[in-house]
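Engineer: Below is one structure. I have some questions about it.
Residue numbers (the working numbering): 21 to 670.
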């Protein structure tokens with residue numbers, strides 16, 4: 021009994037926590053000898069920067085003891101300050117101690133820090149404090165001093181700085197239990213956008229590659245998740261808005277594998293930034309298509325208004341060669357909608373065929389667009405071909421979300437871990453594309469099969485998938501609202517004269533699909549739980565303030581940067597083009613219910629997302645492309661007027 025009581029004195033909540041920050045030490049997996057020897061005993065990976073979130077500035081980050089190296093050079097690159105340590109005291113009650121400096125001519129700026137310089141009172145606090153934070157600036161000073169010496173001297177100074185860091189790590193780690201206590205070593209980067217190295221051991225941290233459920237990428241975690249990990253180990257309250265618990269998963273990580281992983285992320289990030297001009301080209305191509313459509317429409321109206329009486333039969337023009345005829349067929353007005361939609365689907369291909377060259381992504385997108393265009397042309401009518409390629413795009417996106425989301429994350433319209441965007445789920449670009457593809461399939465379904473209830477339940481399936489796999493709150497809410505508008509209209513028309521039980525059964529099925537989508541969204545989106553916890557007041561006041569700040573930031577982003585983006589041009593041009601096609605709309609078999617559904621989707625996407633202009637522009641462009649494709653398909657071929665040909669009236 022006494023032994024059991026003794027064990028009860030050391031639960032997980034009574035653990036001690038040590039956090040060591042090596043300012044400027046994002047290469048610590050290679051440089052630190054102590055860490056390389058201890059790497060397999062804990063979990064290792066990278067912390068990706070989280071936009072507008074940092075554990076250092078949160079009021080919940082208040083260690084019992086902080087040992088700070090004030091003279092760490094440019095260690096506050098994240099905030100732009102160079103005269104302060106990396107970590108400021110979060111609250112007035114936090115006690116900060118500044119490590120004394122010793123003269124040393126062999127180290128940068130002729131100074132160094134050492135454990136033996138700590139006063140005895142500070143050593144006693146190290147033994148008793150439950151939460152200790154230490155910042156070491158040796159590496160930051162070496163990096164700062166490198167601009168004043170040769171490359172060989174700079175390399176030597178970095179080696180000496182890392183030897184001093186290893187000396188500190190060995191001294192600090194000896195004071196903590198390997199199993200019960202939590203030791204975290206963070207190598208922060210001085211360059212914005214670069215990941216931070218992290219290694220943690222003890223207190224159920226496990227071993228292997230770093231895993232964070234709020235990121236869901238092997239080897240990656242959020243910087244904000246440090247706050248959750250530390251407070252959970254100490255038994256303090258946590259908030260879902262702070263991220264998830266960092267722990268190890270899978271096989272043990274190696275230093276070479278960690279560096280290779282980081283370099284791959286940096287390469288993808290540079291390719292992602294370098295491919296931004298492809299997005300601009302996508303918009304330019306869409307605008308050229310709209311201008312071409314406007315000119316073709318004007319020409320058709322002019323020919324319809326003018327009737328020429330030709331006396332005598334003109335000589336027929338020379339027939340074009342087959343190659344010229346094929347080239348003209350590729351760029352006829354009826355193909356502009358196909359080209360634009362095929363380009364959106366082909367944007368997934370760069371992730372399917374990764375390559376290191378900057379020009380590879382544009383080339384793969386262009387080849388994929390041509391392949392999809394050819395496929396749409398050889399399948400029956402243009403409308404059926406349009407439905408075929410959009411169906412392939414939707415299926416590819418669904419399967420991708422079920423297998424890790426690599427295509428969605430690294431596609432042309434995707435995101436990167438280092439870009440400060442969504443880490444998992446579906447981004448706003450592909451959410452808008454998926455919604456557009458689903459509604460195009462509904463139009464094609466109604467034209468071919470004529471089963472409105474089948475189209476409705478297909479869209480309900482897409483809605484459930486959106487809530488299950490997207491983790492995109494705004495896109496899911498917009499899809500659910502679109503489903504309800506679509507469903508109520510379809511059921512009112514299709515169940516007219518049916519029994520009351522039939523009405524109730526279909527309405528309950530529709531409501532169940534909507535609620536299931538929202539429930540799956542709640543279960544699979546950690547930051548959503550944290551947001552509602554903060555708004556409802558279940559968490560402390562700081563959580564609620566963070567949630568309200570997030571709402572304000574999203575609203576300002578939608579009213580500011582989003583309205584000034586090139587997507588506004590595409591949105592306005594698409595709306596003007598749709599308005600110009602209204603005289604020809606009666607010949608297009610798009611049910612009125614789907615017209616209202618498309619309008620509802622565009623409005624909800626614009627209002628419920630921080631990049632609402634982007635989503636509304638994508639939806640408007642696809643609506644125009646669908647209408648224009650059908651107009652060109654159903655327009656009768658031009659028949660020459662033989663009434664006044666040679667030989668009189670025939």
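Every residue gets a Cβ at the ideal spot worked out from N, C-alpha and C, and that includes glycine.
1) Mark residue 597 as exposed unless 16 or more other C-beta atoms lie within 10 angstroms of its C-beta, in which case mark it buried.
2) Please report how far the alpha carbon of residue 526 lies from the alpha carbon of residue 511, in whole angstroms.
3) Would you please state the rounded distance, in angstroms, between the beta carbons of residue 34 and residue 255? I believe it to be under 8 Å.
4) Can the beta-carbon of residue 617 be found less than 9 Å from the beta-carbon of residue 506?
5) Looking at residue 38 and residue 154, is the spacing between their C-beta atoms short of 9 Å?
6) Suppose contacts are defined by Cβ-Cβ distances below 9 Å. Is residue 117 in contact with residue 86 by that definition?
7) Using the three-state DSSP reduction, which class does residue 41 fall into: helix, strand or coil?
8) The beta strand (DSSP E) that contains residue 66, what's its start and end?
9) Using the three-state DSSP reduction, which class does residue 446 fall into: helix, strand or coil?
10) Distance, Cα to Cα, residue 193 vs residue 125?
11) In whole angstroms, give me the CA-to-CA distance for residue 141 and residue 156.
12) Rounded to the nearest angstrom, what separates residue 473 and residue 287 at their Cα positions?
13) Just verifying my parser: in three-state terms, what is the DSSP assignment at residue 277?
14) Just to check my reading of the structure: residue 228 and residue 217 have Cβ atoms closer than 8 Å, yes? What is that Cβ distance to the nearest angstrom?
15) Identify which residue in 209, 173, 135 has its Cα closest to the Cα of residue 48.
16) Could you spell out where the beta strand (DSSP E) holding residue 152 opens and where it closes?
17) First and last residue of the alpha helix (DSSP H) that includes residue 76?
18) Assuming residue 127 contacts residue 180 under a Cβ cut-off of 8 Å, what Cβ separation, rounded to an integer in Å, is found between them?
19) Do residue 454 and residue 503 have their beta-carbon atoms positioned less than 9 Å apart in this structure?
20) What is the DSSP secondary structure of residue 184, counted as helix, strand or coil?
21) Which residues in the same chain as residue 252 place their Cβ atom closer than 6 Å to its Cβ, once the five residues preceding and following it in sequence are excluded?
22) So, for residue 205: in the same chain, excluding its five sequence neighbours on each side, which residues have a beta-carbon less than 6 Å away from its beta-carbon?
23) What would DSSP say about residue 482, mapped onto helix, strand or coil?
24) Please report the distance separating the alpha-carbon of residue 161 from that of residue 278.
25) Could you give the uninterrupted runs of the alpha helix (DSSP H) lying entirely in the region 468 to 544, keeping only those of 4 residues or more?
26) Closest to residue 424 by CA distance: which of 77, 500, 371 is it?
27) DSSP state of residue 230, grouped into three classes?
28) Locate the beta strand (DSSP E) running through residue 60, then write down its first and last residues.
29) Taking only runs of the alpha helix (DSSP H) that begin and end inside the region 197 to 275, which ones reach a length of at least 4 residues, in chain order?
30) Are residue 368 and residue 417 close, meaning C-beta to C-beta below 9 Å?
31) Could you please give me the residues that DSSP links to residue 18 through a beta bridge?
32) Let's test the definition: count the other Cβ atoms within 10 Å of the Cβ of residue 52 and tell me whether it reaches 16, buried, or not, exposed.
33) Between residue 177 and residue 165, which are expected to be in contact by the criterion C-beta below 8 Å, what is the C-beta distance as a whole number of angstroms?
34) Rounded to the nearest angstrom, what separates residue 484 and residue 536 at their Cα positions?
35) Is residue 36 helix, strand or coil when you go by DSSP?
36) Starting from residue 612 and walking both ways along the alpha helix (DSSP H), at which residues does that stretch end?
Structural biologist: Reading it off the structure:
1) buried
2) 8 Å
3) 7 Å
4) yes
5) yes
6) yes
7) strand
8) 63 to 68
9) coil
10) 28 Å
11) 20 Å
12) 47 Å
13) helix
14) That belief does not hold up - the Cβ atoms of residue 228 and residue 217 are roughly 16 Å apart, past 8 Å.
15) 209
16) 151 to 156
17) Note, residue 76: premise wrong, no alpha helix (DSSP H); not H, not E.
18) 6 Å
19) no
20) helix
21) 258, 265
22) 40, 219
23) helix
24) 25 Å
25) 472 to 489, 493 to 514, 520 to 544
26) 371
27) strand
28) Residue 60 -> no beta strand (DSSP E), and no H or E assigned at all.
29) 245 to 253
30) yes
31) One cannot answer for residue 18 here, as it falls past the ends of the chain, which runs 21 to 670.
32) buried
33) 6 Å
34) 7 Å
35) coil
36) 612 to 628
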